[in-house]
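Q: Starting off with a structure, shown below.
Number of protein chains: 2
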Amino acid sequence: MESRCENCIIRQLNALKALDKNELKRISDTKISKNIKKGDFLFEEGEKLNGVFCVRNGVSKLSKMSDNGKDQIIKIATKGEVLGQRSVISEESTNLSAIALNDMEVCFIPKTELAESVNTNPNFTKELLLQMATDLKIADNIIVNMAQKNVRQRISELLLYLEDTFNIDDEGFIGMVFTREDIAGIVGTAKEACIRALSKLNKESLITIKGKRIKLDNKTKLQAIVDGLAN
Amino acid sequence: MESRCENCIIRQLNALKALDKNELKRISDTKISKNIKKGDFLFEEGEKLNGVFCVRNGVSKLSKMSDNGKDQIIKIATKGEVLGQRSVISEESTNLSAIALNDMEVCFIPKTELAESVNTNPNFTKELLLQMATDLKIADNIIVNMAQKNVRQRISELLLYLEDTFNIDDEGFIGMVFTREDIAGIVGTAKEACIRALSKLNKESLITIKGKRIKLDNKTKLQAIVDGLAN
DNA sequence: CGCTCAATTGAGCAACTTCAAAATTAGTGG
DNA sequence: CCACTAATTTTGAAGTTGCTCAATTGAGCG
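The listed protein sequences derive, respectively, from chains A and B.
Numbers 3 to 233, taken from our numbering, label the letters of the first sequence in order.
Numbers 3 to 233, taken from our numbering, label the letters of the second sequence in order.
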């Protein structure tokens with residue numbers, strides 16, 4: 003399933019869109035397509051990355067192990083996202099682990115090629131800058147939510163986000179299934195608390211749970227919960 | 003107390019160090035020095051910033067109001083830090099408020115001048131990128147701490163950070179005084195919980211409290227608490 | 001001295017965590 | 001396709017932590 007970056011629409015979703023034809027050729031010649039199986043690491047916290055991973059397909063969780071042994075999911079990365087960008091830019095070992103949540107197709111792009119473009123193409127660098135600025139803003143929001151919202155609010159917010167990100171299947175359920183443990187890891191709580199919050203929302207008819215799948219039945223109310231206007 | 007950027011050592015602490023002589027002259031000609039009094043806003047959440055603020059002296063808190071009306075302090079900014087950078091880069095209104103915690107001297111640099119340098123000086127852009135990458139990593143850590151550490155651990159960590167950042171006075175106390183409410187705002191808790199955690203640390207002889215000032219008496223033990231190896 | 005704001009303490013309550021056990025689901029090999 | 005094992009989900013219950021409201025103390029200031 004090898005293909006050329008020049009023809010890859012995915013790059014429109016990230017900073018690579020600022021590259022010109024020649025740069026794309028260069029990168030396409032050096033990139034390596036990889037298939038990652040569900041559950042496998044793309045990379046692990048502390049690893050020194052020699053490049054970044056551009057997600058063509060599949061979903062990955064970016065997580066960080068805390069001292070107490072539980073890991074906190076910082077971000078869910080989907081098609082078009084570039085992983086490892088931050089640590090490659092600052093030339094440090096990565097502060098996060100990336101694990102595939104389903105089978106993935108990714109392109110590995112060596113950092114030498116990126117560095118080349120950073121040095122010669124100001125538009126690319128600016129695009130990277132914009133990307134980082136956005137990530138930073140998102141991180142600020144997460145910090146506030148973690149500090150000031152309760153589990154019920156954070157889960158409601160996550161559900162709205164997930165439906166938005168993964169769309170819905172033919173039955174109206176969120177088009178991607180997460181284990182309760184992963185949901186708990188995103189929300190930053192114990193999985194039991196997560197399960198209880200979900201089944202409470204279920205009982206209140208705000209969501210429907212069918213196996214592991216979740217459907218949102220009342221987004222308005224869920225949003226109100228997030229905003230602290232309802233409980 | 004007007005002075006020229008060319009002679010200002012502060013810029014070594016941030017991305018402005020990548021500017022060349024001509025750029026520094028240009029910026030020096032357009033910058034505006036301001037004195038901000040304790041308690042005053044540098045800018046307020048939602049405001050459209052026309053430039054950034056380079057801190058020459060004093061301390062500022064960057065905070066974000068959450069829906070429940072409490073504000074969460076995202077960062078404490080000191081000498082050398084540039085505020086408003088993120089929102090100027092992404093040309094959005096700012097997502098944070100900046101309030102002076104003591105009297106401050108800052109230089110306002112118009113965004114047109116920054117944009118000029120971003121467009122013409124790749125080194126400057128790269129410096130900005132590095133800065134953002136660092137900020138992002140810090141934010142990731144904060145998220146994990148918020149999600150997985152308790153108030154006692156977060157406060158211990160903050161104290162170690164504060165002593166490191168503000169040094170100590172002649173009596174060994176941290177060289178900057180924060181209200182308990184601000185500490186609570188940083189740590190993301192109610193001020194009562196913050197007070198109780200502090201006075202517990204005090205009773206245990208890990209810290210000494212004298213009025214509002216705090217001295218660390220056993221950093222090893224405090225670090226152990228942060229790391230979850232002691233309680 | 002009286003006023004105001006910050007700090008402290010107390011007490012009750014709600015939210016979360018943790019450990020343990022039961023129920024359900026998924027996966028594997030025959 | 002079934003049976004069996006492993007893993008995940010769910011529920012229960014006890015114990016902590018942290019939140020909130022209210023009252024008290026203390027410090028700074030005109």
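Don't be surprised by glycine CBs; every beta carbon is placed ideally from N, CA and C.
Predicted, not measured: the structure shown is a model, and the values here were computed from it.
#1: Which residues, in chain order, does the stretch 161-194 of chain A contribute to contact with chain B at a C-beta distance below 7 angstroms?
#2: In angstroms with no decimal places, state the Cα-to-Cα distance between D171 (chain B) and K50 (chain A).
#3: For the stretch 98-109 of chain A against the stretch 91-106 of chain B, do three or more pairs of beta-carbon atoms, one drawn from each stretch, fall closer than 8 angstroms, so that the two count as touching?
#4: Which value, in whole angstroms, describes the spacing of the CA atoms of N52 (chain A) and P112 (chain A)?
#5: Quick check: what's the CA-CA separation for K72 (chain B) versus I34 (chain A)?
#6: If we ignore side chains and look at the alpha-carbon of each, how far apart do I12 (chain A) and F175 (chain A) end up?
#7: Residues bridged to V84 (chain A) by DSSP?
#8: Taking 8 angstroms as the threshold (beta carbon to beta carbon), is I111 (chain B) in contact with chain A?
#9: Are the Cβ atoms of K66 (chain A) and V146 (chain B) separated by less than 8 angstroms?
#10: Thinking just about the alpha-carbon of each residue, which of A:C10, A:I188 and A:T114 is nearest to the one in V108 (chain A)?
#11: Go ahead and pull the three-state DSSP assignment for S207 (chain B).
#12: Answer yes or no: do E93 (chain A) and K19 (chain A) have a C-beta to C-beta separation smaller than 8 angstroms?
#13: My guess is that G230 (chain B) and N70 (chain A) are in contact by the Cβ rule of under 8 angstroms, so how many angstroms apart are they, rounded?
#14: Am I right that F110 (chain B) and F55 (chain B) are in contact with their C-beta atoms under 8 angstroms? What's the rounded C-beta distance?
#15: Should N121 (chain B) be flagged as near chain A, meaning a C-beta pair shorter than 8 angstroms?
#16: Tell me the DSSP secondary structure of N97 (chain A) in three-state form.
#17: Can you pull the chain A residues whose beta carbon is under 7 angstroms from the beta carbon of N9 (chain B), in chain order?
#18: Determine, using beta carbons only, whether L98 (chain B) and E159 (chain B) come nearer to each other than 8 angstroms.
#19: Can you list, in chain order, the stretches of the beta strand (DSSP E) that have 3 or more residues and sit fully within the stretch 154-221 of chain B?
#20: Helix, strand or coil: how does DSSP classify V61 (chain A) here?
#21: Kindly identify the DSSP beta-bridge partner or partners of S35 (chain A).
#22: Establish whether the CB of L103 (chain A) and some CB of chain B are separated by less than 8 angstroms.
#23: Less than 6 angstroms between C-beta atoms, sequence neighbours within five positions excluded: which residues of the same chain meet that for T32 (chain B)?
#24: On the DSSP letters alone, give me the boundaries of the beta strand (DSSP E) that K77 (chain A) sits inside.
#25: Is there a Cβ from chain A that is less than 8 angstroms from the Cβ of A149 (chain B)?
#26: L138 (chain A) lies in the alpha helix (DSSP H); which residues open and close that run?
#27: Can the beta-carbon of L64 (chain A) be found closer than 8 angstroms to that of K81 (chain A)?
#28: Quick one: is I144 (chain B) near chain A, going by C-beta distance under 8 angstroms?
#29: Using a Cβ-Cβ cutoff of less than 8 angstroms, which residues in the same chain neighbour S201 (chain B) once the five nearest sequence positions on both sides are dropped?
#30: Output the distance between the C-alpha atoms of I91 (chain A) and C7 (chain A), rounded to the nearest integer angstrom.
#31: Spatial neighbours of V228 (chain A) within its chain, please: C-beta separation below 6 angstroms, excluding the five flanking residues on both sides.
#32: Quick check: is the beta carbon of I157 (chain B) nearer than 8 angstroms to any beta carbon in chain A?
#33: Under the three-state reduction of DSSP, which class applies to A232 (chain B): helix, strand or coil?
#34: What residues of chain B sit near T32 (chain A), judged by a beta carbon separation below 9 angstroms?
#35: Look at the alpha carbon of V189 (chain B) and the alpha carbon of G60 (chain B), and state the distance between them as a whole number of angstroms.
#36: Identify which residue in A:K23, A:V84 and A:I29 has its Cα closest to the Cα of L44 (chain A).
A: Walking through what the data contain:
#1: G190
#2: 40 angstroms
#3: With a cut-off of 8 angstroms on Cβ pairs, the stretch 98-109 of chain A is not in contact with the stretch 91-106 of chain B, counting fewer than three such pairs.
#4: Approximately 6 angstroms between the Cα atoms of the pair.
#5: 48 angstroms
#6: Going by the C-alpha atoms only, they are around 25 angstroms apart.
#7: A:C56
#8: no
#9: yes
#10: When only C-alpha atoms are compared, the closest one is A:C10.
#11: coil
#12: At the C-beta level, E93 (chain A) and K19 (chain A) stay beyond 8 angstroms of one another.
#13: 5 angstroms
#14: 6 angstroms
#15: yes
#16: Coil.
#17: Simply none; closest approach about 28 angstroms.
#18: The answer is no: Cβ separation not under 8 angstroms.
#19: 209-212 and 215-218
#20: coil
#21: Beta-bridge pairing links S35 (chain A) to A:C109.
#22: no
#23: P112 and E115
#24: D73 to A79
#25: Chain A contact via Cβ: present.
#26: Where L138 (chain A) is concerned, the enclosing alpha helix (DSSP H) starts and stops at P124 to Q150.
#27: no
#28: Yes, because at least one Cβ of chain A sits closer than 8 angstroms to the Cβ of I144 (chain B).
#29: I211
#30: 21 angstroms
#31: Taken in chain order, the residues that qualify are Q155, S158 and E159.
#32: no
#33: Look at A232 (chain B) here: in three-state DSSP terms it is coil, with no helix or strand label.
#34: Chain B residues near T32 (chain A): none, gap ~21 angstroms exceeds 9 angstroms.
#35: If you take the alpha carbons of V189 (chain B) and G60 (chain B), they lie about 21 angstroms apart.
#36: A:V84
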